[in-house]
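According to this note's numbering, the sequence shown is numbered sequentially starting from 227.
Cβ coordinates follow ideal geometry from the N, Cα and C atoms, glycine included.
Remember, predicted model here, so these are calculated numbers, not experimental data.
Right, one structure below, let's go through it.
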Amino acid sequence: MTGPRPPGRGRRVGQPLGYPTRQCAPPQGARTGVRMTAKDGPRTEYGLAVTHLGEHRLIGYARLATEPQQAATVGFALHPAEWGKGLGTATVHLLCALGFDVLGMHRIWAARSPLNEASARTLLRAGMTEDGRIRDHVFVHGAWRDSITYSILEHEWTPMEGWDQQRQWVMPAGPGTERRTGPGRVARARA
Numbered sequence: 227m228t229g230p231r232p233p234g235r236g237r238r239v240g241q242p243l244g245y246p247t248r249q250c251a252p253p254q255g256a257r258t259g260v261r262m263t264a265k266d267g268p269r270t271e272y273g274l275a276v277t278h279l280g281e282h283r284l285i286g287y288a289r290l291a292t293e294p295q296q297a298a299t300v301g302f303a304l305h306p307a308e309w310g311k312g313l314g315t316a317t318v319h320l321l322c323a324l325g326f327d328v329l330g331m332h333r334i335w336a337a338r339s340p341l342n343e344a345s346a347r348t349l350l351r352a353g354m355t356e357d358g359r360i361r362d363h364v365f366v367h368g369a370w371r372d373s374i375t376y377s378i379l380e381h382e383w384t385p386m387e388g389w390d391q392q393r394q395w396v397m398p399a400g401p402g403t404e405r406r407t408g409p410g411r412v413a414r415a416r417a
């Protein structure tokens, strides 16, 4: 049989975004893009390393990109060894805290592959609501693929249980400097 493969055939379910799930960070080109957007003013994209608190070993990657009308889209990828530990839900909560508490967003949304049921559970546990399906949303591995979308509004979001509201976000203000903003957990965003 020749031609494009049906979406999902021959790939792992957690592989919908165009880079392998066994990588816990995007390819070098994407990392370069994150560094470039970190210098933009006003900043519209935040690429964050996911680590265990107090450790420097990279276990995943998270991204928040702002849109007009006080909206943002979020996405994340975790190393498979970290799946099933609640870290995806915690990561989405941190992205929502960044979007709502620090950046003043009104709406945050995410999209997942229809085959990625683990992401569905993660987004729902994080408080998002399933909105619907975007047909032929992304072209991945030679074929068009639908996406299932989720969103949460500012008034619907509540911090995770045990959330430490006294800690501060730490965001880079420029090369070699940091600035503290709004309530939330400690997060170090590195360009």
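A352 sits in coil when the DSSP states are folded into three classes, being neither helix nor strand. Residue range L313 to A323 is occupied by the alpha helix (DSSP H) that includes A323.
If the five residues before and after R283 are omitted, its C-beta is found closer than 7 Å to the C-beta atoms of T277, all from its own chain and listed in chain order. Per DSSP, E293 is one residue of the beta strand (DSSP E) stretching across G286 to E293. Ranked by Cα distance from R359, the options T375, H367 and L379 are led by T375. Counting along the chain, T375 sits inside the beta strand (DSSP E) bounded by residues A369 to L379.
Taking the C-beta atoms as reference points, W383 is found nearer than 7 Å to F326.
In the structure shown, E281 falls within a coil segment according to DSSP collapsed to helix, strand and coil.
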